[in-house]
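One structure below.
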Amino acid sequence: MTESDRNNLSRIQRLSPLLPLLGLLAILFCFFVSLELMGTSMKLLGEGFAEQLIQTTSNPFIALFIGILATSLVQSSSTVTSLAVSAVAGGGLTVAGAIPIVLGANVGTSVTNTIVSLGHIGRKDEFGRAMGAATVHDFFNLLAVAIFFPLELFFGFLSKSSAALATGVTGVGGTELFDFVDVMTGPVVSGLVALMLDSGVLVLILGVLLLFFSLRYLVVLLRKLFLGRSERLINKYLFGPAPIALVFGTLVTIMVQSSSITTSITVPLVGAGIVTVSQIFPFVLGANIGTTVTALLASLVLASGGSVLGAAALQVALAHLIFNCCGVITFLPLRMIRRIPVSMSELLGVLVVKNRAWAFGYVACIFFLVPLIIILLTRSLGF
0 MTESDRNNLS
10 RIQRLSPLLP
20 LLGLLAILFC
30 FFVSLELMGT
40 SMKLLGEGFA
50 EQLIQTTSNP
60 FIALFIGILA
70 TSLVQSSSTV
80 TSLAVSAVAG
90 GGLTVAGAIP
100 IVLGANVGTS
110 VTNTIVSLGH
120 IGRKDEFGRA
130 MGAATVHDFF
140 NLLAVAIFFP
150 LELFFGFLSK
160 SSAALATGVT
170 GVGGTELFDF
180 VDVMTGPVVS
190 GLVALMLDSG
200 VLVLILGVLL
210 LFFSLRYLVV
220 LLRKLFLGRS
230 ERLINKYLFG
240 PAPIALVFGT
250 LVTIMVQSSS
260 ITTSITVPLV
270 GAGIVTVSQI
280 FPFVLGANIG
290 TTVTALLASL
300 VLASGGSVLG
310 AAALQVALAH
320 LIFNCCGVIT
330 FLPLRMIRRI
340 PVSMSELLGV
350 LVVKNRAWAF
360 GYVACIFFLV
370 PLIIILLTRS
380 LGF
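Read in numbering that gives the first Met the number 0, the sequence shown has 116 at position 117, and its numbers run on one by one without any break.
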């Protein structure tokens, strides 16, 4: 072997530990692009419909399901809550009408990570764990809505508390956060959407194919990287003690401005058996708090002018924040209460292992069929 060959071999050996990490970064990039493509496709297919839905109801019960359906269509609670905040600021929607939409958006936003879990469908045990990881977010939001929506409906809990808080912060201006994910993926997504001729259907197909590809290799690379020391560090910090995991979930979501992306990352980790549903639960709750920032910043800008409608928009955004914080206070501190949404999601994971039809039925019913049927039925009856 020549000296040149030995030098080349030495360089390759030095680089070899980095190759799995570089591969992981590349696959994560593909994963983020797939999520952005799916979100963009839903906006191309349904954002106009979602915006019309938001502005055509005064019934709080219907508004709740409109929030679920609209967010499921565009796969972004930030989009729907920002639309609701803007509608209030423009006088097209009242605070009382907007708050149920925001609560519904909290439920609908978890459709993305539930769809992500379907990428594991070819491997039964992995699929069961992934479905449990994805739906713990769903069940927390559903249970939180079941508690706080009646309190808002009968006692104005969120309206009154957000009004009091808005009084103290009106006039504070907002600034835009640096959206790392959009900066990284934006040009690629825009190019692919143009290549697909701005067709929502074609963009969706491409997004789903890329999602399945990235998930397949993401799980392989995660298992390879997060064994031994790396796994111990993740368990100690990122998904360690509940308060630390809560803060991490909040901060990561604020940085990427998408709870869908933050929570979707946890799905392959649980699917690969690196962490458990119980471990990711506080992190997911932090993501729920972090996702309120987008609409809150928008409302602070609207309220900075001192207008009554701007203050009302701020009130809606604060109601969203209060709802998520109250949900965390209700479910996180006590282990017995914390186990309720975790156990529900784990049970669904067991069911989908036995019969994959449970997964498709769950997604279709919770996020699309039930909200759509209730909206159409109540409107046909004149409510």
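Think of the CB as a built atom: it goes at the ideal place given N, C-alpha and C, for glycine as much as any other residue. Quick caveat, the model's predicted, so the values are computed rather than measured.
Per DSSP, Ile273 lies in no alpha helix (DSSP H) and is assigned neither H nor E.
Counting C-beta pairs with one atom in each stretch, the stretch 335-355 and the stretch 115-128 have three or more that are closer than 8 Å, which means they touch. Around the C-beta of Asp197, fewer than 16 other C-beta atoms lie within 10 Å, and the residue is accordingly described as exposed. Rounded to whole angstroms, Arg337 and Leu331 show a C-alpha spacing of 5 Å. A direct Cα-to-Cα measurement between Ser213 and Met254 gives close to 22 Å.
Spatial neighbours of Ser344 in its own chain (CB-CB distance under 7 Å, excluding positions within 5 residues in sequence) are listed in chain order as Gly131, Thr134, Val135, Phe138 and Val276. Within its own chain, the residues whose Cβ lies closer than 6 Å to the Cβ of Ala316, once the five positions on either side in sequence are excluded, are Val84, Ala294, Leu295 and Ser298, listed in chain order. Annotated three-state conformation of Asp197 is coil, per DSSP. Taken through DSSP and simplified to helix, strand or coil, Pro332 comes out as coil. Excluding sequence positions up to five before and after Ile321, its CB lies within less than 8 Å of the CB of Leu157, Ser160, Ser161 and Leu164, all in the same chain and listed in chain order. Membership of Thr134 in the alpha helix (DSSP H) is indicated by the continuous run Lys123 to Phe154.
Three or more beta-carbon pairs separated by less than 8 Å link the stretch 93-100 to the stretch 56-70, which places the two stretches in contact. Here Thr108 is actually not in contact with His319; their C-beta atoms are around 11 Å apart, not less than 8 Å.
Asn58 is positioned such that its CB atom lies closer than 8 Å to that of Thr377. Between Ile373 and Leu142 a beta carbon distance of about 19 Å is seen, past the 8 Å cut, so the two are scored as non-contacting. Short of 8 Å from the beta carbon of Ile26, and not among the five residues preceding or following it, lie these beta carbons of its own chain, in chain order: Ser213, Tyr216, Leu217 and Leu220. By the 16-neighbour rule on beta-carbons within 10 angstroms, Val115 is buried.
Val283 and Val292 have their C-alpha atoms roughly 15 Å apart. Taking 8 Å as the cut-off, the beta carbon of Val266 is found no closer than this to the beta carbon of Asn140. By the criterion of a C-beta distance shorter than 8 Å, Phe211 is surrounded in its chain by Gly118, once the five residues flanking it on both sides are discounted. Sixteen is the threshold: when 16 or more other Cβ atoms of the shown chains lie within 10 Å of the Cβ of Arg128, as they do, the residue is buried.
The C-alpha of Ser342 lies about 20 Å from the C-alpha of Asn105. Judged by their CB atoms, Leu205 and Leu36 are nearer to each other than the 8 Å cut-off.
Non-local beta-carbon contacts of Leu43 in its own chain, meaning distances under 6 Å to residues more than five positions away in sequence, involve Gly199 in chain order. Nearest in C-alpha terms to Val251, of all of Gly270, Ala241, Gly285 and Ile273, is Gly285. Comparing alpha-carbon positions, the option among Val369, Leu375 and Ala363 lying closest to Val110 turns out to be Ala363.
Leaving aside the five residues that flank Leu63 on each side, the residues in its chain whose CB is nearer than 8 Å to its CB run, in chain order, Pro99, Ile100, Leu102, Gly103, Val144 and Phe148.
Burial check for Ala241: the Cβ neighbour count within 10 Å reaches 16 or more, so the residue is buried. With respect to the C-alpha of Ile279, the residue from Met195, Phe238 and Thr93 having the closest C-alpha is Phe238.
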